[in-house]
Structures are given as C-alpha cells and as structure tokens.
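Peer 1: To start, I am sharing the structure in question, which I have written as structure tokens.
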Amino acid sequence: MKKVIARSPVNIALIKYWGKANELLVLPTTTSVSLTLTDLWTETTFEEGSFSFELNHKAADEQETKRVKDVLKHFRDDQVVIKSNNNFPTASGLASSASGFAALTVGLNKFYDANYTLQELATLTRVGSGSSCRSLVDGFAIWHRNGTLESIANPFQNLMMIVVLISEDKKAISSREAMKITMKTAPTYATWTQTSEQDFQQIRTAIIDKQFDRLGQIMEMNSERLHQVMKDSTPSIVYQQQSSLDVLKLVKHARQQGLVGYTTMDAGPNVKILIHQDQLADWQQLLKTNIQYRFLVSRIGGKADAQ
Ligand code: DP6
5 MKKVIARSPV
15 NIALIKYWGK
25 ANELLVLPTT
35 TSVSLTLTDL
45 WTETTFEEGS
55 FSFELNHKAA
65 DEQETKRVKD
75 VLKHFRDDQV
85 VIKSNNNFPT
95 ASGLASSASG
105 FAALTVGLNK
115 FYDANYTLQE
125 LATLTRVGSG
135 SSCRSLVDGF
145 AIWHRNGTLE
155 SIANPFQNLM
165 MIVVLISEDK
175 KAISSREAMK
185 ITMKTAPTYA
195 TWTQTSEQDF
205 QQIRTAIIDK
215 QFDRLGQIME
225 MNSERLHQVM
235 KDSTPSIVYQ
245 QQSSLDVLKL
255 VKHARQQGLV
265 GYTTMDAGPN
275 VKILIHQDQL
285 ADWQQLLKTN
295 IQYRFLVSRI
305 GGKADAQ
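Residue 5 is where the sequence shown starts when you use this note's numbering, and the numbers rise one by one after that.
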C-alpha cells in the first residue's frame with residue numbers, strides 16, 4: 005500500500021508577516037524573512053483510505069479539518085488518511101501551523117504525484133497558513149508581497165535558536181484573527197508596514213554583507229515594532245507576558261557582558277534567541293541560573309520534504 009512521509013521544520017520570522025492585503029489569496033501586506041529550525045518539526049504520513057485527519061494522535065477538530073480540506077481540494081481526490089505530529093508543543097506561538105501546512109502540501113504533492121512547482125506549492129500552502137510557505141525553502145526565506153518566494157543562502161555558520169517556553173498553553177487569540185484586528189484598528193498600522201519594508205531592505209543587506217550583529221539588531225527591532233502595533237489595536241493585543249519581558253531584558257544585559265544573541269517574539273509569550281553555536285553552553289548556563297522556564301534548542305536550516 006502506498007505511504008508517503010513528509011517532514012517540515014518550523015520557521016521563525018526575523019522580519020514579520022502581520023496582515024493580509026488579499027485574504028482570499030493570502031497575500032501579505034509586507035515582505036517577511038525567516039529561518040527554519042532543523043530540530044523542531046512536523047511529520048505527516050499519508051496513506052490510502054477514506055479521508056481522515058489526525059493531529060497529534062487525536063481526530064482534528066472541525067476548523068483544523070476544514071483548513072486541511074481547503075488545501076486537499078487542489079489534488080486529484082480525497083482518498084487519503086493523514087496523520088500529523090509535532091515534536092514540540094502545539095499552538096504555543098511556535099508556528100506549528102506553518103510546519104504543519106508545509107508538510108501537508110509537500111506530502112500531498114508526492115502522494116498524488118501532482119508535480120506542482122515550488123511557487124505553486126507556496127500558493128497552495130499559504131491558504132492553509134500564510135507563513136507556512138517560508139518552510140518550503142532552506143536558507144533565509146523571503147516571502148514577497150506579490151506572493152513570490154525567494155531564498156538567500158545562509159552565509160552564517162553554526163547559528164542556533166533557543167526557544168524559551170514561557171507558556172505551553174494554546175494562545176488566547178489566533179494570529180489570523182489578531183492580525184485582522186490590528187489592520188482594522190491600529191492607527192500606527194500604515195507606519196508599521198512602511199518601517200517593516202525598510203527593515204526588510206536593511207536585513208537583506210546585512211545578510212549579503214554577512215553582518216550578524218546588524219542582522220540581530222534589525223530582527224530585534226522588527227519584533228519590538230510588531231508587538232507595539234499589536235498593542236496599538238483596539239482591543240489591545242498583548243502576547244508578551246511579564247516573564248517574556250524579563251527574558252528580553254536578560255538577553256540585552258547578557259550582550260553587555262559580551263554574549264552575542266538577539267531576540268524575537270511571535271503571537272505568543274515565548275521568546276526566541278538567535279545565537280552562535282560556540283556560545284551555546286554560556287547561554288544555557290545563563291538561562292538556567294536566571295529563569296525557571298524550560299527551553300528548546302535547535303540548529304538552523306532545512307526545508308519541507310517528502311519521501
Ligand atoms: C506572528 O501564518 O499563522 O508568526 O496566514 O492567518 O495562518 P495565517 O497566519 P500565520 O501568522 C504568523 C504570524 C507571525 C509572524 C510570522 O511568522 O511572520
């Protein structure tokens with residue numbers, strides 16, 4: 005019997021996507037840039053049978069199933085049993101939907117021998133979850149406003165990301181809903197999109213010039229600006245908890261002591277720190293002595309693939 009296994013890494017944006025210029029086609033209002041996390045992934049299996057979709061060993065709810073069916077309708081039929089598992093906590097601001105949809109789309113492409121091109125796969129998967137298209141490529145993934153996916157080879161050796169798990173609970177408001185509210189109500193939204201576009205241009209230069217500190221500073225500023233525009237919404241959207249702010253402060257302080265690392269946050273309270281592998285032990289030591297939270301460590305790189 006035919007069986008396909010797909011695996012996709014999570015991706016974390018350095019320049020964030022927060023809003024759709026076209027909801028139907030899922031075209032973003034800004035260009036976003038991300039890296040994939042090799043060691044945090046979704047694995048999805050596909051077998052012949054009447055349609056069912058299981059997520060983390062449980063039948064998926066109606067909403068999750070609908071989003072999967074929206075992608076599935078672009079393939080030959082729906083005679084497929086899909087089982088998807090993450091190796092990290094779901095819905096904790098860790099972009100499980102991104103790796104989930106990337107694995108789904110790439111897996112279905114293989115299961116049905118559909119031969120969609122990369123650009124076509126990006127178009128399909130982003131309807132499931134916008135940011136998922138960035139897991140289809142290795143290196144720095146760039147998702148342009150017109151929908152085009154680009155990638156720049158990562159010139160930095162041995163980067164790693166630490167994910168500090170402030171909370172493993174499901175988020176209070178989904179990014180999909182929250183970004184709609186921000187677009188509609190934040191008076192600073194237009195400024196945010198303009199500044200974000202400048203951040204994109206500058207980070208691109210930092211990547212090409214191989215300037216890690218510059219890249220980290222832009223990444224950190226872009227995340228701070230995102231959380232500010234979220235707060236400027238009505239009702240105010242606040243994903244950062246006091247503990248998140250404490251970790252941000254700890255990282256800034258560590259930099260003054262000579263460690264190299266930069267933070268970013270998404271639609272949840274967890275804090276991600278981009279570091280160099282040769283300082284991993286120092287960072288682990290610092291976190292263990294100063295905070296009570298669990299953290300995950302991942303290498304950088306990889307992309308969605310199916311066998
Ligand atoms: C804060 O891709 O989850 O992680 O397209 O509505 O499914 P939908 O949203 P989603 O949003 C991700 C938002 C973010 C920033 C980012 O990854 O760029």
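The beta-carbon is built from N, C-alpha and C at its ideal position, and this holds for glycine as well.
Does the separation of the CB atoms of phenylalanine 144 and isoleucine 241 fall below 8 Å?
Peer 2: The answer is no: Cβ separation not under 8 Å.
Peer 1: Cβ of threonine 69 within 8 Å of Cβ of alanine 10?
Peer 2: No.
Peer 1: With DSSP as the reference, please indicate the residues paired to aspartate 154 in a beta bridge.
Peer 2: Looking at the sequence shown, residue 154 is not aspartate but glutamate. The partner list for glutamate 154 (beta bridge, DSSP) reads Ile146.
Peer 1: Measure the CB-CB distance between glutamate 290 and phenylalanine 299 and report whether it falls below 8 Å.
Peer 2: According to the sequence shown, residue 290 is leucine rather than glutamate. Cβ distance not < 8 Å, so leucine 290 and phenylalanine 299 don't count as in contact.
Peer 1: Go through its chain and collect everything with a Cβ distance to glycine 220's Cβ below 7 Å, but skip five positions before and after it.
Peer 2: Hits under 7 Å: Tyr266, Leu278.
Peer 1: Could you give the first and the last residue of the continuous alpha helix (DSSP H) run that contains isoleucine 166?
Peer 2: Where isoleucine 166 is concerned, there is no enclosing alpha helix (DSSP H), although the beta strand (DSSP E) it sits in stretches over 163-169.
Peer 1: Starting from lysine 292, trace the alpha helix (DSSP H) in both directions and tell me its first and last residue.
Peer 2: Looking at the DSSP string, the run of the alpha helix (DSSP H) that includes lysine 292 is 284-294.
Peer 1: Per DSSP, which residues does isoleucine 3 bridge with? Please list them.
Peer 2: This structure cannot speak to residue 3, because the chain is shown only from 5 to 311.
Peer 1: Measure the Cβ-Cβ separation of threonine 238 and histidine 148 and say whether it is below 8 Å.
Peer 2: Contact: no.
Peer 1: When you compare only the Cα positions, how much space is there between isoleucine 304 and histidine 231?
Peer 2: In a straight line, the C-alpha of isoleucine 304 is about 24 Å away from that of histidine 231.
Peer 1: Does DSSP put threonine 46 in a helix, in a strand, or in coil?
Peer 2: Strand.
Peer 1: Less than 6 Å between C-beta atoms, sequence neighbours within five positions excluded: which residues of the same chain meet that for glycine 53?
Peer 2: Same-chain partners within the cutoff: Val85.
Peer 1: Taking only heavy atoms of the ligand DP6 into account, decide whether any of them is closer than 7 Å to the Cβ of alanine 25.
Peer 2: Alanine 25: no, Cβ never under 7 Å from the ligand DP6.
Peer 1: Round the Cβ separation of threonine 129 and serine 136 to the nearest angstrom and send it over; I've been treating them as touching at under 8 Å.
Peer 2: Right, their Cβ atoms sit about 5 Å apart.
Peer 1: In the DSSP assignment, what are the bridge partners of lysine 62?
Peer 2: Paired residues: Leu59.
Peer 1: How big is the Cα-Cα spacing for lysine 235 and isoleucine 16?
Peer 2: Cα to Cα, lysine 235 sits roughly 21 Å from isoleucine 16.
Peer 1: Who are asparagine 89's beta bridge partners in DSSP?
Peer 2: Glu47.
Peer 1: Taking all protein chains shown into account, decide if glutamine 244 is buried (16 or more other Cβ within 10 angstroms of its Cβ) or exposed.
Peer 2: Classification of glutamine 244: buried, given that the 10 Å Cβ count is 16 or more.
Peer 1: Let me know if arginine 80 comes out buried or exposed under the rule of 16 or more other beta-carbons within 10 Å of its beta-carbon.
Peer 2: The residue is exposed, with fewer than 16 neighbouring Cβ atoms inside 10 Å.
Peer 1: Are there any heavy atoms of the ligand DP6 lying less than 7 Å away from the beta-carbon of arginine 180, as far as the coordinates show?
Peer 2: Answer for arginine 180: yes, Cβ within range of the ligand DP6.
Peer 1: Buried or exposed: where does alanine 63 fall if 16 or more other Cβ atoms within 10 Å of its Cβ makes it buried?
Peer 2: With fewer than 16 other Cβ atoms within 10 Å, it is exposed.
Peer 1: Use the C-beta contact count for threonine 186: other C-beta atoms within 10 angstroms, 16 or more gives buried, fewer gives exposed.
Peer 2: Buried, because 16 or more other Cβ atoms sit within 10 Å of the Cβ of threonine 186.
Peer 1: Over what stretch of residues does the alpha helix (DSSP H) that includes valine 255 continue unbroken?
Peer 2: Taken as a continuous stretch (DSSP letters only), the alpha helix (DSSP H) holding valine 255 covers 246-260.
Peer 1: Grab me the residues of lysine 7's own chain with a C-beta within less than 8 Å of its C-beta, minus the 5 sequence neighbours each way, in chain order.
Peer 2: These residues qualify, in order along the chain: Thr49, Phe50, Glu51.
Peer 1: Could you tell me if the beta carbon of aspartate 270 falls within a distance shorter than 7 Å of some heavy atom in the ligand DP6?
Peer 2: For the ligand DP6, at least one heavy atom lies less than 7 Å from the Cβ of aspartate 270.
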